[in-house]
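Below is one structure, written out as structure tokens; the observations come after it.
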Amino acid sequence: MEDPSLFQPILIPRVIATASSSSTTTSFNYFDDTDADYIKHWSSNSSIILRLLLITSIGIISIWANYEASKGFGITLVNDAKDSAEGKRFTLSYISNDKATRIILNTSLFVENLLYPNINDDTKKQVIHHVTLRLASNNLPNLVTVDTNTNNEFVINISPSVLMGHPKNLDYAITSVVLQGMARAWIWDSESRAPQWLLDGMVEYINGLAGFGPARNLGGHESLDDQFGKFCSGDKDPMVVAQFLKYCERHEKGFIQRLNKALRDDHQWIGRTVEDELGISEQNPCDLYKNTSQGLSSW
Numbered sequence: 630m631e632d633p634s635l636f637q638p639i640l641i642p643r644v645i646a647t648a649s650s651s652s653t654t655t656s657f658n659y660f661d662d663t664d665a666d667y668i669k670h671w672s673s674n675s676s677i678i679l680r681l682l683l684i685t686s687i688g689i690i691s692i693w694a695n696y697e698a699s700k701g702f703g704i705t706l707v708n709d710a711k712d713s714a715e716g717k718r719f720t721l722s723y724i725s726n727d728k729a730t731r732i733i734l735n736t737s738l739f740v741e742n743l744l745y746p747n748i749n750d751d752t753k754k755q756v757i758h759h760v761t762l763r764l765a766s767n768n769l770p771n772l773v774t775v776d777t778n779t780n781n782e783f784v785i786n787i788s789p790s791v792l793m794g795h796p797k798n799l800d801y802a803i804t805s806v807v808l809q810g811m812a813r814a815w816i817w818d819s820e821s822r823a824p825q826w827l828l829d830g831m832v833e834y835i836n837g838l839a840g841f842g843p844a845r846n847l848g849g850h851e852s853l854d855d856q857f858g859k860f861c862s863g864d865k866d867p868m869v870v871a872q873f874l875k876y877c878e879r880h881e882k883g884f885i886q887r888l889n890k891a892l893r894d895d896h897q898w899i900g901r902t903v904e905d906e907l908g909i910s911e912q913n914p915c916d917l918y919k920n921t922s923q924g925l926s927s928w
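Residue numbers (this note's numbering): 630 to 928.
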């Protein structure tokens with residue numbers, strides 16, 4: 630037989646009966662003084678919780694405001710291929726969650742710290758007022774290009790081909806091209822008079838330093854000395870130039886920073902900087918390479 634207690638209500642009403650000659654009146658009071666105290670206590674706790682939430686919200690807003698201010702430049706995300714499969718993927722993976730903005734900020738910080746270490750004076754740095762990250766509507770000749778104007782506003786154009794084929798590590802590919810764009814933005818260019826091959830080589834050097842390998846393997850299994858030899862033979866491919874810069878940096882630490890500074894101060898390119906910073910002419914490393922069986926390993 631079932632236990633009658635199982636059917637008892639959770640709250641037992643207090644029954645107040647008033648007897649009279651004609652009827653009996655029954656009233657129900659579900660809350661006693663203990664219940665009232667509990668409600669009062671709960672209300673007080675709720676008020677405290679709401680205040681804490683308000684304070685937390687204000688704190689988050691303040692942190693976000695500081696975060697926005699710390700960027701130092703405005704950021705705009707543009708998807709000109711939004712109706713394509715690549716455009717929809719870019720919106721879903723990088724615009725809707727603001728991941729693209731975070732990638733821009735992280736890569737910018739990496740390049741800035743590399744080119745301008747321990748420099749707090751912003752007047753000695755390249756000026757960036759605004760960065761627009763744009764997914765182009767059609768494939769570009771290069772995976773990434775950078776446009777700028779006289780107001781130091783930069784547009785990083787990404788080719789939709791970066792997103793084609795559903796690469797396994799799309800974040801790697803996107804971060805690499807954005808890093809290249811931000812490197813180009815932070816590098817001085819001698820008021821647009823620096824040779825393009827030098828700027829491209831510096832970008833490739835920075836990209837490799839960040840751990841992003843080349844999109845192609847020049848010369849198969851060539852040694853670094855062999856690639857450097859190509860530079861001495863007149864090859865100005867960005868990867869070959871990057872190897873030249875790597876050797877210069879290894880010979881004289883801080884060479885890349887001084888090269889970038891020379892592109893700002895003297896409007897001169899690598900020839901004078903190699904001579905000034907390394908104490909040798911640009912051709913000297915090539916002579917050393919050609920005249921020794923050890924290549925440049927003796928540096």
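Every residue gets a Cβ at the ideal spot worked out from N, C-alpha and C, and that includes glycine.
Rounded straight-line distance, which links the Cα of residue j to that of residue i
i, j, result
"K865", "W826", "6 Å"
"L772", "E715", "14 Å"
"I757", "S686", "31 Å"
"H880", "T720", "45 Å"
"V791", "N798", "11 Å"
"K711", "I885", "38 Å"
"E878", "P824", "20 Å"
"T730", "T705", "8 Å"
"H850", "L738", "Confidence at H850 is low in this model, with a pLDDT of 46, below 50, so its placement is unreliable and no value can be given for it."
Terminal residues of the beta strand (DSSP E) in which residue i lies
i, result
"E782", "782-787"
"H759", "759-764"
"I704", "703-708"
"D776", "773-777"
Cβ neighbour criterion (16 or more within 10 Å) applied to residue i
i, result
"N726", "exposed"
"L808", "buried"
"L679", "exposed"
"K882", "exposed"
"N889", "buried"
Beta-carbon proximity list for residue i, same chain, < 6 Å, skipping 5 on both sides
i, result
"M831", "I816"
"K754", "Y745"
Residue i vs residue j beta-carbon contact at 8 Å
i, j, result
"I785", "T761", "yes"
"A871", "Y834", "yes"
"M811", "V707", "no"
"S805", "N836", "yes"
"H759", "G703", "yes"
"R822", "I787", "no"
"F783", "T777", "yes"
"D800", "A765", "no"
Own chain residues within Cβ distance below 8 Å of residue i, not counting five before or after
i, result
"L828", "R813, I816, D818"
Own chain residues within Cβ distance below 7 Å of residue i, not counting five before or after
i, result
"S713", "P789"
"I803", "Y723, I732, V791"
"M793", "E715"
Boundaries (first-last residue) of the alpha helix (DSSP H) holding residue i
i, result
"R822", "Note, R822: premise wrong, no alpha helix (DSSP H); not H, not E."
"A805", "Looking at the sequence itself, residue 805 is Ser, so the reference to Ala does not match. Element bounds for S805: 799-815."
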